[in-house]
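Accompanying notes for the structure given below.
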Amino acid sequence: MRRLRKLLMGVCLAALLVTVMTPGKTLAEDVQKGDDEAVGAKNGNGITIASEENRVPTFEAGKSTTWTLIVHNNSGVDLNNAVLSPSLGDKNEEWPFNTEYQSYARELNIKNGESQAVSFEFTQREDVPTSRHTLQFNIYAKGYQDALVSQKFYANTTAKPIENLEPPVGDNPVPNPGDQIVGDGLDFPSVDAGGFSNGGASFSGGGGSGSDGSVSVPRVIVTGFNTDPAEVRAGSNFTLTIHLKNTSKATRVRNMLFDLSAPTEGADAQTVAPAFLPASGSSSIYLDGIKANGTADISIQLNAKSDLLQKPYSVDLSMKYEDNDGAQIDAASSISIPVKQDARFEFSEFEISPESISLGDEANVMCNLYNLGRIKLYNVRAIFEGACIKKEEVFLGNVESGATASIDAMLEGVQATQGPANVTMTLSYEDEAGKISTATKELQIEVMEMMEDSSMMSGMEILEEEKSFPVIPVAVIAGIVVIVILIVVIRKKRKKRQRLNEEEELLDELDRSSEDER
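For the sequence shown, our numbering begins at 220 and goes up steadily by one.
Put into C-alpha cells, the structure is as follows:
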C-alpha cells in the first residue's frame with residue numbers, strides 16, 4: 220500500500236514538473252508542429268532588423284548612448300512571444316560596453332505588416348580604443364535556443380582622450396547628409412544595409428615626421444559615400460563618390476593614390492568577375508592632396524555586374540600618400556554598397572470560361588505568373604476590378620525566384636455591357652524591405668442582360684395574343700350579319716309566296732269566267 224502511494228505521488232510530481240517546464244505555444248513551436256503559415260517567419264523570411272535612420276551609432280568612453288533598432292514583420296503571421304537581444308560574447312574584448320544587466324532581451328509583439336522600435340542603452344568601457352565593432356542581434360522565440368533571425372551591425376567606439384596628444388578621431392565621424400552608412404552585408408545580407416569602415420595608417424618607408432614616434436601619423440579616413448543614382452541596380456552604371464578627411468590638425472598630406480578592389484562574384488569559372496568594374500579607365504584615382512583638418516571627395520564611375528544577388532557588396536579602398544617630409548603612408552578603408560535587382564516576371568495568356576456571361580453569373584479566369592528575376596516576391600496578390608464585375612481578390616503568398624504561381628479567380632457579372640468590356644488585373648507584391656510595387660494586365664469580359672426561358676416566353680406571347688384579340692366585337696358583328704341574312708331570306712320567301720298566291724288567284728278568276736260563259 221505504501222509503495223502504491225509513493226508511486227502515485229511520484230507520477231503526480233512528474234506531471235507537475237512537465238506542466239511547469241513546458242513553454243507556452245510560440246511561433247517556433249508552430250513550425251515544429253507543421254504550421255505552414257509560420258514557416259516563413261521561422262526561416263527569417265519577412266522579419267528584418269534595421270538601425271533607426273540607417274545610422275551607425277558612435278559611443279564615447281564612459282558615456283551612455285541609446286541605440287534604437289526597428290524590427291519589421293512582413294512574415295505573413297503575427298510575431299508574438301519573442302525577444303530581441305544582442306550577442307554579448309564570451310570575452311570582454313568582443314563586447315565594448317559595460318555589462319550592466321544579466322540580460323538585454325526586449326520583448327517583441329508585432330502584428331503582420333507592422334514594426335516595433337526597440338531601444339538599448341549601452342555604456343562604452345573606458346579601456347576600449349577607437350575602433351569599429353561588429354555587433355550581432357538575434358530574435359528568439361521564448362523557450363527555444365535557435366534564433367529566428369540574426370543581423371549584424373556596425374558600431375563605432377571612441378577612445379578616452381590622452382593628455383598632451385592630438386585628440387584621436389573616431390573611425391567614422393559624423394557623415395555628410397545622404398551618406399549610406401549602416402550594416403554588415405557580408406554575413407547577413409540586407410537590401411538596405413550599406414556602410415564603411417577605416418583601418419589604421421602606417422609608414423611604409425623613409426624617415427619623415429613619424430619615424431621617431433614623436434609625432435602622430437596623419438590619418439586619412441572615409442567619412443561617408445554616396446552613389447548616383449542613389450539605388451545601385453545590377454547591370455547598370457553608377458557614380459561612386461567617397462568623402463575623405465585628413466584627421467591631422469597640423470600636417471597636410473599630398474601625392475595621394477587610391478585604388479578600389481571589389482570581391483569576385485559568379486556561379487562558375489566562366490562568369491566569375493569582380494562585382495564592380497570601372498565603366499572606363501582603371502580603378503585607381505589620384506588626388507593632389509588634402510590640407511590639415513581638411514576634407515575632399517573622390518569619384519569614379521563603376522558598373523555593377525548584371526547577375527549580382529540583391530545584397531550589399533564590400534569594396535576595399537587602399538590609400539597611399541605622403542606627409543610634409545615626404546614619408547610615404549599606407550592606409551586602408553572599406554565601404555559596403557547595397558545592390559538591388561529589379562523584379563522580373565511575366566503572365567501567361569488569360570483563359571476565360573465563358574467569355575460571355577449573364578448578370579449574376581460567374582466567369583472563371585485563369586493565368587500563370589512566372590518569376591523570371593533573381594529576387595523573391597513577397598505577399599503577392601491579384602485584384603480584379605471593372606465596371607461590369609464584382610471586385611475579386613486572390614492571394615498567392617510568396618513566389619520564389621524561378622517559380623510559377625497560378626492565378627485562379629471567379630468573376631461575377633454585375634452590370635450589362637455593350638459587347639466585351641475591359642477588366643483590369645492588378646498584381647501587387649513586396650520586396651525584402653516591405654516596399655510594395657504593382658503591375659497591371661487587361662482582359663475582356665462581356666456581360667449580358669439576364670435571358671428568360673424560351674418556352675415561358677412563347678406561352679406568355681400566346682396569352683398576350685389571346686388577350687389582345689377583340690372577341691366580343693367580332694361576335695356582335697357576326698350576329699348582326701346572321702340576322703341580316705335571315706331577314707333577307709325571310710323576305711325572299713314571303714315575296715315568293717305572295718307571287719304564288721297572286722298567280723293562283725288569277726287562275727281562279729280565269730276559271731270562273733270560263734264557267735260563266737258556258
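Glycine included, each C-beta is placed from N, C-alpha and C at the ideal position.
Predicted model only: the values in this text are computed from it and were never measured.
Exercise. Where DSSP assigns a beta bridge to L327, which residues make up the other side?
Worked result: Mapped onto the sequence shown, residue 327 falls at position 108. Beta-bridge pairing links L327 to A301.
For this session: Compare the beta carbon distance of Y597 and N292 with 9 angstroms and say whether it is the shorter of the two.
Result: Residue numbering aside, residue 597 sits at position 378 when the sequence shown is read from its first letter. Residue numbering aside, residue 292 sits at position 73 when the sequence shown is read from its first letter. Not a contact, by the Cβ cut-off of 9 angstroms.
Exercise. Under a Cβ-count criterion, where at least 16 other Cβ atoms within 10 Å of its own Cβ denotes burial, should V441 be classed as buried or exposed?
Worked result: The residue you call residue 441 lines up with position 222 of the sequence shown. Burial call: buried.
Exercise. Are any of the Cβ atoms in chain B nearer than 9 angstroms to that of Q355?
Worked result: Included in the structure is just one protein chain, with no chain B present.
Problem set entry | Supposed close pair V584, I554 - CB separation, criterion 8 angstroms | Counted from its first residue, the sequence shown places residue 584 at position 365. Counted from its first residue, the sequence shown places residue 554 at position 335. With 8 angstroms as the limit, V584 and I554 do not qualify as a contact, their Cβ atoms being about 49 angstroms apart.
For this session: Enumerate in chain order the residues of its own chain whose CB-to-CB distance from V451 is below 8 angstroms, with the five nearest sequence positions on each side excluded.
Result: Residue mapping note: residue 451 aligns to position 232 of the sequence shown, counting from 1. Contacts found: F457, A523, I556, P557, V558 and K559.
Exercise. Nearest to S467 by CA position, among E541, L729, S567 and N273, is which residue?
Worked result: Residue 467 sits at position 248 when you count from the first residue of the sequence shown. Ranking E541, L729, S567 and N273 by CA distance to the CA of S467 puts E541 first.
For this session: Return the chain-ordered list of same chain residues with a C-beta closer than 6 angstroms to the C-beta of L496, the five sequence neighbours on each side being excluded.
Result: Within the sequence shown, residue 496 is the residue found at index 277, counting from 1. Once the five neighbours on either side are set aside, the close Cβ partners of L496 are N522.
Exercise. Any idea if E649 is buried or exposed, counting beta-carbon neighbours within 10 angstroms, 16 or more meaning buried?
Worked result: Reading the sequence shown from its first residue, position 430 is the one you call residue 649. Result: buried.
Exercise. By Cβ distance, which residues of its chain are closer than 7 angstroms to E279, with the 5 residues on each side in sequence left out?
Worked result: On the sequence shown, residue 279 is found 60 positions in, with the first residue counted as 1. The residues are Q343 and T377.
For this session: Could you say which of G295, L479 and V275 lies nearest to W286 if we only look at CA atoms?
Result: Translated into positions along the sequence shown, residue 286 becomes position 67. Of the candidates G295, L479 and V275, the residue whose Cα lies closest to the Cα of W286 is V275.
For this session: Please go through the same chain and pick out, in chain order, the residues whose beta-carbon is closer than 6 angstroms to the beta-carbon of E319, but skip the five residues on each side of it.
Result: Within the sequence shown, numbered from 1, the residue matching residue 319 stands at position 100. Exclusion of the five residues before and after E319 leaves no residue of its chain whose Cβ lies closer than 6 angstroms to its Cβ.
Exercise. Taking just the CA atoms, how far does M644 sit from V633?
Worked result: Here residue 633 is taken as the residue at index 414 of the sequence shown, counted from 1. Here residue 644 is taken as the residue at index 425 of the sequence shown, counted from 1. The alpha-carbon atoms of V633 and M644 are separated by roughly 17 angstroms.
Exercise. Using CA coordinates, which residue listed in L303, P348 and P315 is at the minimum distance from I329?
Worked result: As a first step, residue 329 is located in the sequence shown; it is residue number 110 there, counting from the start. Per the C-alpha coordinates, the member of L303, P348 and P315 positioned closest to I329 is L303.
Problem set entry | Option in V618, G653 and L588 with minimal Cα separation from D627 | Translated into positions along the sequence shown, residue 627 becomes position 408. Among V618, G653 and L588, the Cα nearest to that of D627 belongs to L588.
Exercise. In the region 459-517, which residue ranges form an unbroken beta strand (DSSP E) of at least 3 residues, counting only runs that do not cross its ends?
Worked result: DSSP runs (the beta strand (DSSP E)) wholly in the region 459-517: 472-480, 495-497 and 503-509.
Exercise. If we call anything under 9 angstroms between Cβ atoms a contact, is S322 one with F356?
Worked result: What you label residue 322 is simply residue 103 of the sequence shown in a count that begins at 1. What you label residue 356 is simply residue 137 of the sequence shown in a count that begins at 1. No, the Cβ-Cβ distance between S322 and F356 is not below 9 angstroms.
Problem set entry | Sequence ranges, beta strand (DSSP E) only - wholly within the region 525-587, length at least 3 | 530-541, 547-559, 564-566, 570-572 and 575-577, all fully within the region 525-587.
Exercise. I608 bridges to which residues according to DSSP?
Worked result: Here residue 608 corresponds to residue number 389 of the sequence shown, with the count starting at 1. According to DSSP, I608 shares a beta bridge with G632.
Problem set entry | Residues that DSSP places opposite N417 in a beta bridge | In the sequence shown, residue 417 corresponds to position 198, counting from 1. Beta-bridge pairing links N417 to S552.
Problem set entry | For A280, the residue or residues it bridges with in DSSP | Position 61 of the sequence shown, counting from 1, holds the residue named residue 280. In the DSSP secondary-structure assignment, A280 is bridged to Q343.
Problem set entry | Length of the line joining the Cα atoms of L528 and H462 | Locating residue 528 in the sequence shown gives position 309, where the first residue counts as 1. Locating residue 462 in the sequence shown gives position 243, where the first residue counts as 1. Answer to the nearest angstrom: the Cα atoms are 26 angstroms apart.
Exercise. Should L479 and L536 be called a contact, given that it needs their Cβ atoms to be closer than 9 angstroms?
Worked result: Numbered from 1 along the sequence shown, position 260 holds the residue referred to as residue 479. Numbered from 1 along the sequence shown, position 317 holds the residue referred to as residue 536. Their beta carbons are under 9 angstroms apart, which means L479 touches L536 by this criterion.
Exercise. For T657, which of D561, N299 and L578 has the nearest alpha-carbon?
Worked result: Locating residue 657 in the sequence shown gives position 438, where the first residue counts as 1. Out of D561, N299 and L578, D561 has the C-alpha closest to the C-alpha of T657.
For this session: Classify I704 as helix, strand or coil using the three-state DSSP reduction.
Result: One-based indexing of the sequence shown puts residue 704 at position 485. Three-state result, I704: helix.
Exercise. Can you list, in chain order, the residues of its chain whose CB lies under 6 angstroms from that of K379, leaving out five sequence neighbours each side?
Worked result: Taking the first residue of the sequence shown as 1, we reach residue 379 at position 160. Counting only Cβ-Cβ distances below 6 angstroms, and skipping sequence neighbours, we find A280 and E345.
Exercise. R471 and N543: beta carbons closer than 9 angstroms?
Worked result: Here residue 471 refers to the residue found at position 252 when the sequence shown is read from its first residue. Here residue 543 refers to the residue found at position 324 when the sequence shown is read from its first residue. Taking 9 angstroms as the cut-off, the Cβ atoms of R471 and N543 count as close.
For this session: Determine the DSSP secondary structure at D727, reduced to helix, strand or coil.
Result: Locating residue 727 in the sequence shown gives position 508, counting from the first residue. Per DSSP, reduced to three states, the secondary structure at D727 is helical.
Exercise. Taking the beta strand (DSSP E) that V666 falls in, what are its first and last residues?
Worked result: Along the sequence shown, one-based indexing puts residue 666 at 447. Going by DSSP, V666 is part of the beta strand (DSSP E) stretching over I655 to M667.
Exercise. With distances taken from CA atoms, which of S455, N445, E665 and P482 is nearest S575?
Worked result: One-based indexing of the sequence shown puts residue 575 at position 356. It is E665.
Exercise. So G366 and N300 are in contact, right, with Cβ under 8 angstroms, and what is the actual spacing, rounded?
Worked result: Here the question's residue 366 lines up with position 147 in the sequence shown. Here the question's residue 300 lines up with position 81 in the sequence shown. In the sequence on display, residue 366 carries Ala and not Gly. The beta-carbon distance between A366 and N300, rounded to whole angstroms, is 15 angstroms. This is too long to meet the 8 angstroms contact definition.
Problem set entry | Three-state secondary structure (DSSP) of L719 | For the purposes of this step, residue 719 is taken as residue 500 along the sequence shown, with counting starting at 1. Of the three classes helix, strand and coil, the one that applies to L719 here is helix, per DSSP.
Exercise. Using the C-alpha atoms, what's the distance from A622 back to H196?
Worked result: The first residue shown for the chain is 220 and the last is 737, placing residue 196 beyond what the model contains.
Exercise. What first and last residue would you give for the beta strand (DSSP E) that runs through D447?
Worked result: Here residue 447 corresponds to residue number 228 of the sequence shown, with the count starting at 1. Looking at the DSSP string, the run of the beta strand (DSSP E) that includes D447 is V439 to D447.
Exercise. Is the Cβ-Cβ distance between A511 and A469 less than 9 angstroms?
Worked result: To locate residue 511, count along the sequence shown from 1; it is residue 292. To locate residue 469, count along the sequence shown from 1; it is residue 250. A contact, by the Cβ cut-off of 9 angstroms.
Exercise. According to DSSP, which residues form a beta bridge with V748?
Worked result: No statement about residue 748 is possible, as the shown extent of the chain runs from 220 to 737 and does not include it.
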